[in-house]
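J.: With my numbering as the guide, the letters of the sequence shown map in order to residues 252 to 529.
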Amino acid sequence: METDVYEQILYSVEDPVATITLNRPERLNAWTDRMGDELRHAIARAESDKSVVGIVLTGAGRGFCAGADLKGLQALSSGERMGAGGASALAADPGDPAMGESFRKHYSYLMSVRKPIIAAINGPCAGMAMPIALFCDLRFAAESATFTTAFVRRGLIAEWGLAWTLPRLVGSAHALDLLLSGRKIDAREAERIGLVNRVLPDEKLLAQSVDYVRELAASSSPASMMVMKRQVYQQLTRELGPSCDEAVSLMVESFSRPDFKEGVQSFLERRPPKFPRV
């Protein structure tokens, strides 16, 4: 499918990075169902593209995403979808089925994608943009970025799995503070409580997010990253014993992969590894 099918996102690939940009800058990239369908399709494209090692998700203009489009919220009361249209042409099923159904519901599919996803949060991240960002594997924020759950101020609840992801990142006390108050926090506070991994100058955010993926491509086994991502998320709900048992089994499996041979050989030869892509 050509990228001109996308109306509300931009998609580009520059080996080894796929960049997906939410592209409704005149609305601070407010979320619609159409945008969600396009994102899902683009993620599936990136996941199946062997030139892509990692994915960067960002927003056009001065914001990451202002949350659900308020016009769309009004439409919900009449049973309509937010900005629907062309969904059949965008049908896609990204993610690893081995992760199980819990990690393939609604937007949680982002956690099951076989490649790392970095949210490059370049401005306001509000409402349902929060669960989208939190379902990404890493979050890099611009110094000007702000965060608010906002749901409580609209008479809503912690939507789209946010009550599951948020306390696992920041702890229950910080999570409840952000959910019950709906207050806005800046990038530095977000970094302090563990909501984002790092804060970067606005003008360097996208470049350094892309560089992070380039560093992964230069030194990290894509197959190992795929397995590790699945381990971390699946084992959030498992006891220690079964997790340790599974780790032994997965370790034995890794011995038979070409990545292990290349990892050892490149170390002995003191050269960068050349791992196969997935």
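Backbone N, C-alpha and C fix where the C-beta goes; we use that ideal spot for every residue, glycine too.
1) Which runs of the alpha helix (DSSP H), 4 residues or longer, sit entirely within the segment 355–403?
2) For Glu-504, which of helix, strand or coil comes out of DSSP?
3) In its own chain, which residues sit with a C-beta less than 6 angstroms from the C-beta of Ser-302, not counting the 5 before and 5 after it?
4) Apart from the five residues on each side of it in sequence, which residues of its chain come closer than 8 angstroms, Cβ to Cβ, to Gly-334?
5) Which of the three DSSP states, helix, strand or coil, is assigned to Met-333?
6) Tell me which same chain residues have a C-beta within less than 7 angstroms of the C-beta of Ser-263, skipping the five on either side of it?
7) Let me check understanding here. Comparing Cα to Cα, which of Asn-373, Thr-416, Val-421 lies closest to Arg-313?
8) For the structure I just gave you, are there three or more beta carbon pairs, one from the segment 291–299 and one from the segment 355–370, closer than 8 angstroms?
9) For Ser-517 versus Pro-509, is the C-beta spacing smaller than 9 angstroms?
10) Taking 9 angstroms as the threshold (beta carbon to beta carbon), is Val-461 in contact with chain D?
11) Residues in its own chain within less than 7 angstroms of Cys-387 by CB, not counting five upstream and five downstream?
12) Who are the near neighbours of Ser-505 in its chain, counting only those whose CB is closer than 6 angstroms to its CB and skipping five residues on each side?
13) Going by DSSP, what residues sit across from Ile-436 in a beta bridge?
14) With burial defined as no fewer than 16 other Cβ atoms inside 10 Å of the residue's Cβ, what is the status of Lys-525: buried or exposed?
15) Taking the beta strand (DSSP E) that Glu-265 belongs to, which residues open and close that run?
16) For Glu-440, which of Cys-495, His-425, Leu-431, Asp-453 has the nearest alpha-carbon?
17) How is Ala-468 classed by DSSP in three states: helix, strand or coil?
18) Just to confirm, are Leu-273 and Cys-316 a CB contact at a threshold of 9 angstroms?
19) Counting pairs of beta carbons, one from the segment 456–464 and one from the segment 349–358, are three or more of them closer than 8 angstroms?
20) Could you name the residues that DSSP lists as bridge partners for Ile-271?
21) Exposed or buried, Gly-346, counting other C-beta atoms within 10 Å across all chains shown (16 or more means buried)?
22) Classify Ala-319 as helix, strand or coil using the three-state DSSP reduction.
23) Exposed or buried, which one is Ile-436 when buried takes at least 16 other CB atoms within 10 Å?
24) Could you give the first and the last residue of the continuous beta strand (DSSP E) run that contains Val-303?
25) Flag this pair as yes or no: are the beta carbons of Ala-438 and Ala-393 separated by less than 9 angstroms?
26) CB-CB under 8 angstroms to Arg-419, same chain, minus the five flanking residues each way: which ones, in chain order?
27) Run through DSSP, which three-state label would Trp-282 get?
T.: By the coordinates alone:
1) 360–363, 380–386
2) helix
3) Asp-266
4) Residue placement at Gly-334 is flagged as unreliable, the pLDDT there being 48, under the threshold of 50; a coordinate-derived value is accordingly withheld.
5) The predicted position of Met-333 is uncertain, since its pLDDT is 49 and thus under 50; no value can be drawn from it.
6) Thr-270
7) Asn-373
8) yes
9) no
10) Considering every chain present, this structure includes no chain D. It has just one protein chain.
11) Leu-308, Leu-361, Ile-368, Ile-369, Ala-370
12) Phe-511
13) Phe-398
14) exposed
15) 260–265
16) His-425
17) helix
18) yes
19) no
20) Tyr-262, Leu-308
21) buried
22) strand
23) buried
24) Here Val-303 belongs to no beta strand (DSSP E), and DSSP marks it neither H nor E.
25) yes
26) Leu-487
27) strand
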